[in-house]
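Peer 1: Before anything else, here's the structure in question.
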């Protein structure tokens with residue numbers, strides 16, 4: 001009994017101790033003055049005398065910044081202002097002279113020359129050039145490098161171009177020459193002066209080039225999340241469970257069936273993981289073309305055309321020292337972002353990388369951008385309302401000259417003898433406003449691959465498909481005038497001048513190459529189609545067999561573009577109530593239906 | 001926990017055998033143990049409980065009371081800045097470890113007053129601006145007071161102005177910071193670098209690997225991707241109240257307001273003024289101001305006196321010329337006035353150039369072309385000038401106007417480098433808020449015609465009309481491009497028919513049973529959808545021919561970012577009622593298609609389910625109506641594009657069900673649908689629907705052409 005009481009007493013005592021201490025604790029805390037521990041600061045203090053603090057600069061010090069005479073360039077680095085003599089470019093803009101090789105011309109060299117000579121920047125006179133281009137190439141005669149060129153002048157106004165990294169030991173100092181190099185290391189790259197090129201494979205197409213391989217906007221549900229670039233040059237895909245893959249690009253175990261792809265095969269995955277070493281740069285373009293979002297782990301090389309391309313929209317550049325974060329970020333990336341990144345890879349591939357010619361032209365355009373001090377105009381003209389009808393027939397391609405007077409966006413191209421009703425024009429214009437980037441026309445042609453002749457052909461015969469609209473009556477954006485005059489190779493425009501029907505082909509090629517979409521056909525009253533002669537292009541009989549020069553035209557255009565950009569469509573846009581069985585009075589474009 | 005320990009210590013079985021003198025001993029012992037335990041607890045929890053109560057946390061102290069640190073003359077000096085530093089070589093990213101919020105943690109060293117061996121102060125303890133800067137960091141989400149969790153360290157040693165400090169001693173002070181470690185992950189802020197006579201463009205204080213946020217970098221000193229170029233703060237930003245002035249033509253075309261210019265530049269400017277007369281205004285320091293007028297706030301041209309910075313608002317373009325330093329505070333004043341800066345300072349790295357697109361807000365002219373500046377500026381179209389004026393003002397508001405704005409932009413840039421996949425985009429940095437809100441960026445912007453081979457997935461939403469459902473399945477299965485059929489069984493009280501009863505079709509057929517009878521089930525992004533194209537079709541739409549459906553799919557391929565549907569509808573503004581009205585009559589225009597039969601991209605299912613604005617999704621489910629209108633709003637809002645109606649109008653009749661066609665529906669239905677439009681327009685804050693006057697037909701539709709040669713002959717037949 002006593003022991004029980006003792007036990008109870010002890011219990012009560014200890015419990016009361018506990019209660020007192022626990023209860024007293026908050027009181028204790030309140031009672032203790034707020035003396036924080038040293039080091040455990042609670043944010044930057046609010047100083048009592050903060051009002052009395054002096055400014056970092058004395059009044060007037062910012063104004064009286066002592067004047068200093070203009071400085072010349074200081075050693076070490078170059079930038080555009082310091083090392084480039086822009087006065088030479090003042091007259092005719094950027095004119096480029098290309099040194100020809102002393103010995104036998106290599107294939108790469110030949111391609112570069114060809115693509116520059118085809119551009120509007122080229123000049124064959126070294127004296128009037130503002131940029132002298134020295135291609136460094138891997139010559140067949142082992143290790144031979146171009147000697148110091150005659151007008152070298154310390155490299156001033158020179159661009160040393162090498163499409164493949166370090167083809168030969170440099171026998172001369174680069175001095176003030178700019179370097180356009182494939183995947184330059186970040187350590188030597190001079191921003192705003194050097195140009196980073198992509199690392200092109202030997203067999204890269206000269207012009208045109210293969211289109212991007214993305215066929216759908218969103219990733220297929222069963223596709224691998226990640227492909228890893230392998231040292232040997234191939235790819236290795238991994239499912240969602242890729243924790244077994246160390247970050248040097250090798251996986252300890254295979255996931256699923258054989259998933260190692262040889263070098264040529266492009267991965268079918270959402271993300272392509274590319275280690276940062278310089279040789280891996282070749283994987284980069286591969287991934288870009290495949291629409292596989294490149295994930296670069298601390299790349300030690302400058303991304304191609306980084307001066308003008310916002311790579312954060314098409315690739316993920318990240319730190320290989322934080323693998324878990326990268327992994328988590330990829331897995332949790334919202335679908336919206338994945339979609340945007342995938343689509344951007346294709347856009348960039350098509351715009352800048354798919355051919356040697358595009359790479360060279362992008363390089364030159366970056367230099368033009370730097371050499372002109374006027375800020376570049378906003379890219380695509382936006383508003384679409386008023387309309388100008390342009391007529392001019394001195395030379396066929398004159399119709400596409402960007403007259404300064406044309407201040408509107410819509411252009412209705414009309415032949416003098418085309419007869420369209422106002423209703424037809426009205427409706428076509430309304431449709432064009434919905435699709436300002438496309439051509440909207442009345443009469444159509446379709447192109448086809450002619451097996452027998454081994455080339456492209458086209459026909460004006462009425463069919464279920466079409467891929468071109470005739471510019472003898474068509475709406476399009478005036479931006480295409482600018483493109484027609486300024487960005488098409490001279491040779492193609494000359495071709496168009498020779499054969500009138502070629503102008504139509506060329507214009508359709510141009511718009512299709514830009515939009516990757518077919519033109520739009522709107523309804524056209526039948527009697528005009530029967531009365532074909534005034535509107536139909538010259539030189540074609542009723543039979544679909546195209547005339548030889550015309551056939552040549554489409555094939556020469558295809559060669560000039562490097563691929564066949566035309567896309568076929570099977571639809572026509574009609575007014576909403578077109579030929580519906582309702583009262584004609586309800587219909588806005590009723591005259592379109594007159595027999 | 002305490003109680004458990006107590007029992008263990010005491011062991012209840014021991015007590016009966018205890019003697020009285022032992023009892024006291026045990027009680028004492030026990031009390032001591034208990035006290036110890038509690039004391040431990042208190043120590044463990046004490047600092048945290050203090051932290052949680054912010055009220056007492058702000059110290060009220062005077063700067064005069066900060067501890068003094070004496071630097072021995074021989075204390076170590078850091079190496080000079082390492083020019084080859086890059087984030088991946090000099091920055092220790094491990095300190096920034098995993099962070100779910102993708103936000104770096106920044107620690108600020110506490111303030112000390114540094115004196116040399118003889119007690120002479122190294123510098124002013126802290127300037128007003130640096131105090132503001134550290135306060136801003138401390139108040140931001142970046143701040144941590146735990147030095148062990150920090151990723152970035154900011155010394156409280158003020159180096160904003162190099163002229164106000166002693167270089168060697170400041171370097172020594174930096175070197176003795178507790179986590180200095182060669183300056184790794186330390187960030188210094190400097191606005192006025194260099195000093196006479198040569199005015200270096202970066203802070204001369206040896207700082208080893210520390211990052212430098214500097215005003216006035218040149219291409220030779222700036223470590224791309226490592227340093228941050230910041231503006232030189234203009235104290236006038238806070239002192240002067242300058243109401244915003246919109247863009248547009250102004251009194252002077254070009255203005256120069258800087259007072260201390262090299263004579264060569266001054267000559268050049270005078271020549272410009274002589275050539276172009278009154279459109280150019282070159283201001284100078286006033287020589288004969290009366291007493292008490294601050295010279296900083298006045299500028300003169302001959303005998304005319306102008307208020308500064310107000311006069312900047314009178315000019316379209318304002319010169320920002322290089323002085324001894326490349327970074328000029330006038331840039332900030334100019335931007336604020338909505339005057340487009342003409343920057344003439346070769347090799348200058350413009351503030352925040354890593355993220356800001358200065359081409360949109362300024363004109364940079366090489367020094368040697370200064371004489372051409374007028375013609376260069378004149379060649380810029382007026383529309384573009386106004387855009388630049390707007391952009392200039394926005395840059396000032398967002399990144400220049402206060403020390404806080406400068407500090408936070410700097411930290412954000414570093415943060416973006418460490419977590420690049422979570423970085424702000426070009427648009428987020430550069431687009432003014434009005435542009436950001438107003439712009440539509442189509443999520444499916446790549447012009448792409450998906451391959452026909454992939455086909456489409458038909459999704460039939462059904463409740464219990466099995467007979468009609470089976471007819472729809474049979475009809476749809478005749479369409480060549482159908483890849484899969486998904487039946488969404490929305491009836492929880494009834495099981496779907498047995499497998500054997502379903503029509504035998506050539507493509508896989510799946511039945512998804514839903515947990516609740518909701519209309520939004522039709523738009524759920526089911527894993528079973530493996531194609532990009534989805535055909536939503538009601539279980540009573542049996543009047544569409546195989547040709548019509550196949551043609552619809554091919555139209556969708558040309559417009560994969562749009563809703564491509566059969567029955568079209570229109571919204572109209574009712575001027576009498578002053579609100580939107582739903583219209584299903586025979587009109588010449590369409591702005592919606594019904595999703596009782598429509599093709600669309602499956603991505604829109606994801607958007608409908610997870611990104612539908614406001615309460616629209618639940619509202620639709622509660623009202624059992626208007627899910628199609630909601631989908632039309634969503635797609636038009638995100639793409640900015642109109643729907644495509646395909647094929648001619650036909651009566652949507654079915655023998656046993658209520659028609660989807662508006663003509664046969666009663667007035668209440670129309671009122672409800674109108675209400676939906678008004679409700680959605682208010683939630684979206686705009687009317688995103690676009691009205692068009694066209695529909696898509698096959699090329700040869702109703703043309704005089706042999707029917708048997710047409711690809712889609714069976715169009716429009718009832």
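Protein chains in written order, with the UniProt record's numbering: chain A, 1 to 595; chain B, 1 to 718.
Think of the CB as a built atom: it goes at the ideal place given N, C-alpha and C, for glycine as much as any other residue.
Compile a chain-ordered list of the residues in the region 292-310 of chain A whose CB is closer than 7 Å to at least one CB of chain B.
Peer 2: Residues 298, 310.
Peer 1: Residues of chain B with a CB under 8 Å from the CB of residue 54 of chain A: which are they?
Peer 2: As a working note, residue 54 of chain A is residue 54 in the first chain. Correct list: 124, 127, 128.
Peer 1: Please specify which runs of the beta strand (DSSP E), each continuous and at least 3 residues long, are wholly inside the region 515-563 of chain B, giving them in chain order.
Peer 2: Runs of the beta strand (DSSP E) inside the region 515-563 of chain B: 533-538.
Peer 1: Counting only Cβ pairs nearer than 7 Å, list the residues of chain A close to residue 268 of chain B.
Peer 2: Mapped onto the second chain, residue 268 of chain B falls at position 268. Simply none; closest approach about 11 Å.
Peer 1: Within 9 Å (strictly less), CB to CB, does residue 358 of chain A reach chain B?
Peer 2: Residue numbering aside, residue 358 of chain A sits at position 358 when the first chain is read from its first letter. No, because no Cβ of chain B sits closer than 9 Å to the Cβ of residue 358 of chain A.
Peer 1: Which residues, in order along the region 445-462 of chain B, keep a beta-carbon less than 8 Å from a beta-carbon of chain A?
Peer 2: Answer set for the region 445-462 of chain B: 445, 446, 447, 448, 449, 450, 451, 454.
Peer 1: Starting from the beta carbon of residue 160 of chain B, find every residue of chain A whose beta carbon is closer than 7 Å, and list them in chain order.
Peer 2: Along the second chain, read from residue 1 onward, the residue named residue 160 of chain B stands at position 160. Near residue 160 of chain B (Cβ distances below 7 Å), the residues of chain A are 56.
Peer 1: According to the neighbour-count rule (16 or more other Cβ atoms, all chains shown, within 10 Å of its Cβ), is residue 474 of chain B buried or exposed?
Peer 2: Along the second chain, one-based indexing puts residue 474 of chain B at 474. By the neighbour-count rule (16 or more Cβ atoms within 10 Å), residue 474 of chain B is not buried but exposed.
Peer 1: If you reduce the DSSP assignment to three classes, tell me which class residue 219 of chain B lands in.
Peer 2: Along the second chain, one-based indexing puts residue 219 of chain B at 219. Of the three classes helix, strand and coil, the one that applies to residue 219 of chain B here is coil, per DSSP.
Peer 1: By Cβ distance below 8 Å, which residues in the same chain neighbour residue 491 of chain A in space, the five residues on each side in sequence not counted?
Peer 2: Here residue 491 of chain A is taken as the residue at index 491 of the first chain, counted from 1. Answer for residue 491 of chain A: 118, 560, listed in chain order.
Peer 1: Taking just the CA atoms, how far does residue 415 of chain A sit from residue 586 of chain B?
Peer 2: Numbered from 1 along the second chain, position 586 holds the residue referred to as residue 586 of chain B. Numbered from 1 along the first chain, position 415 holds the residue referred to as residue 415 of chain A. If I take the Cα positions, the gap works out to 36 Å.
Peer 1: According to DSSP, what are the bridge partners of residue 446 of chain A?
Peer 2: Looking up residue 446 of chain A in the first chain gives position 446. DSSP output for residue 446 of chain A lists A:459 as bridge partner(s).
Peer 1: If you draw a straight line from the C-alpha of residue 140 of chain B to the C-alpha of residue 43 of chain A, how long is it?
Peer 2: Start at 1 with the first residue of the second chain, and residue 140 of chain B comes out as number 140. Start at 1 with the first residue of the first chain, and residue 43 of chain A comes out as number 43. Residue 140 of chain B and residue 43 of chain A: Cα-Cα distance of roughly 10 Å.
Peer 1: Chain A partners of residue 88 of chain B, CB-CB under 7 Å?
Peer 2: Here the question's residue 88 of chain B lines up with position 88 in the second chain. Result: 298, 319.
Peer 1: Comparing the C-beta of residue 111 of chain B with each C-beta of chain A, is any distance below 9 Å?
Peer 2: By one-based count along the second chain, residue 111 of chain B stands at place 111. Interface residue, yes.
Peer 1: Three or more beta-carbon pairs under 8 Å between the region 248-265 of chain B and the region 310-329 of chain B, yes or no?
Peer 2: Output reads yes: the region 310-329 of chain B touches the region 248-265 of chain B.
Peer 1: Compute the beta-carbon to beta-carbon distance between residue 542 of chain B and residue 472 of chain B, rounded to the nearest angstrom, for a pair I have assumed lies under 8 Å.
Peer 2: Taking the second chain and counting its residues from 1, the one referred to as residue 542 of chain B is at position 542. Taking the second chain and counting its residues from 1, the one referred to as residue 472 of chain B is at position 472. At roughly 6 Å, the Cβ-Cβ gap stays under 8 Å, so residue 542 of chain B and residue 472 of chain B are in contact.
Peer 1: Identify the contact partners of residue 191 of chain B in chain A, using a Cβ-Cβ distance below 9 Å as the criterion.
Peer 2: Here the question's residue 191 of chain B lines up with position 191 in the second chain. Those are 56, 57, listed as they occur along chain A.
Peer 1: With a threshold of 8 Å on Cβ separation, who are the neighbours of residue 47 of chain A within its own chain once the five nearest residues in sequence on each side are excluded?
Peer 2: Here the question's residue 47 of chain A lines up with position 47 in the first chain. If we look at residue 47 of chain A and ignore the five residues flanking it on each side, its Cβ neighbours are 53.
Peer 1: Along the region 473-487 of chain A, where does the CB come closer than 9 Å to a CB of chain B? Name the residues.
Peer 2: From the region 473-487 of chain A, no residue has a Cβ closer than 9 Å to chain B.
Peer 1: Should the region 561-576 of chain B be called in touch with the region 490-506 of chain B, which here means at least 3 C-beta pairs below 8 Å?
Peer 2: In short, these stretches do not touch, since the Cβ pair count stays below three.
Peer 1: Quick check on residue 392 of chain A: buried or exposed, where buried means 16 or more other Cβ atoms within 10 Å of its Cβ?
Peer 2: Here residue 392 of chain A refers to the residue found at position 392 of the first chain. Residue confidence for residue 392 of chain A is low, a pLDDT of 36 falling below 50, so the modelled location carries little weight; the figure read from the coordinates is stated next. Exposed: under 16 other Cβ atoms inside 10 Å.
Peer 1: Between residue 630 of chain B and the rest of its own chain, which residues show a CB-CB distance below 8 Å, the 5 nearest in sequence each way excluded?
Peer 2: Taking the second chain and counting its residues from 1, one reaches residue 630 of chain B at position 630. For residue 630 of chain B, where only same-chain residues beyond five positions count, the Cβ hits under 8 Å are 608, 612, 616, 617, 620, 676, 680.
Peer 1: Taking the C-alpha atoms as reference points, what is the distance between residue 343 of chain B and residue 355 of chain B?
Peer 2: Translated into the one-based positions of the second chain, residue 343 of chain B becomes position 343. Translated into the one-based positions of the second chain, residue 355 of chain B becomes position 355. Each residue's Cα considered, the two are about 18 Å apart.
Peer 1: In terms of DSSP beta bridges, what is residue 85 of chain A paired with?
Peer 2: Locating residue 85 of chain A in the first chain gives position 85, where the first residue counts as 1. Answer is none; residue 85 of chain A lacks a bridge partner.
Peer 1: In whole angstroms, what is the alpha-carbon distance linking residue 263 of chain B and residue 156 of chain A?
Peer 2: Reading the second chain from its first residue, position 263 is the one you call residue 263 of chain B. Reading the first chain from its first residue, position 156 is the one you call residue 156 of chain A. Using only the alpha carbons, I get a separation of about 29 Å.
Peer 1: Would you report the Cα separation of residue 228 of chain B and residue 368 of chain B, rounded to the nearest angstrom?
Peer 2: In the second chain, counting from the first residue as 1, residue 228 of chain B sits at position 228. In the second chain, counting from the first residue as 1, residue 368 of chain B sits at position 368. Between residue 228 of chain B and residue 368 of chain B, the C-alpha separation is close to 27 Å.
Peer 1: Beta carbons nearer than 9 Å to chain A: which residues of the region 684-712 of chain B have them?
Peer 2: Cβ contacts with chain A: 690, 692, 693, 694, 695, 696, 697, 698, 699, 700, 701, 702, 703, 704, 705, 709, 710, 711, 712.
Peer 1: Looking at the structure shown, is residue 319 of chain A part of a helix, part of a strand, or coil, going by DSSP?
Peer 2: Locating residue 319 of chain A in the first chain gives position 319, counting from the first residue. If DSSP states are grouped into helix, strand and coil, residue 319 of chain A belongs with coil.
Peer 1: Assuming the contact rule is C-beta atoms closer than 8 Å, residue 510 of chain B and residue 486 of chain B should be a hit. Round their C-beta distance to whole Å, please.
Peer 2: Along the second chain, read from residue 1 onward, the residue named residue 510 of chain B stands at position 510. Along the second chain, read from residue 1 onward, the residue named residue 486 of chain B stands at position 486. With a Cβ gap of about 5 Å, residue 510 of chain B and residue 486 of chain B count as contacting.
Peer 1: May I ask you to report which of helix, strand or coil DSSP gives residue 586 of chain A?
Peer 2: Position 586 of the first chain holds residue 586 of chain A. Residue 586 of chain A falls in the helix class under three-state DSSP.
Peer 1: In chain order, what residues of the same chain lie with their CB nearer than 6 Å to the CB of residue 358 of chain B, ignoring the 5 residues before and after it?
Peer 2: On the second chain, position 358 is the one that residue 358 of chain B refers to. Counting only Cβ-Cβ distances below 6 Å, and skipping sequence neighbours, we find 350.
Peer 1: Report the rounded CA-to-CA distance for residue 192 of chain A versus residue 80 of chain A, giving the unit in angstroms.
Peer 2: Taking the first residue of the first chain as position 1, residue 192 of chain A is located at position 192. Taking the first residue of the first chain as position 1, residue 80 of chain A is located at position 80. For residue 192 of chain A and residue 80 of chain A, the distance between alpha carbons rounds to 7 Å.
Peer 1: Give me the subset of the region 178-204 of chain A whose CB atoms are less than 9 Å from a CB atom of chain B, sorted by chain position.
Peer 2: Flagged, chain order: 186, 187, 189, 190, 191, 192, 193.
Peer 1: Would residue 226 of chain B be called buried (16 or more neighbouring beta carbons within 10 Å of its own) or exposed?
Peer 2: Taking the second chain and counting its residues from 1, the one referred to as residue 226 of chain B is at position 226. By the neighbour-count rule (16 or more Cβ atoms within 10 Å), residue 226 of chain B is buried.
Peer 1: With a cut-off of 9 Å, does the C-beta of residue 546 of chain A fall near any C-beta of chain B?
Peer 2: Within the first chain, numbered from 1, the residue matching residue 546 of chain A stands at position 546. Model confidence at residue 546 of chain A stands at a pLDDT of 42, short of 50, so the residue's coordinates are unreliable; what they give is reported in the following sentence. Output row for residue 546 of chain A: interface = no.
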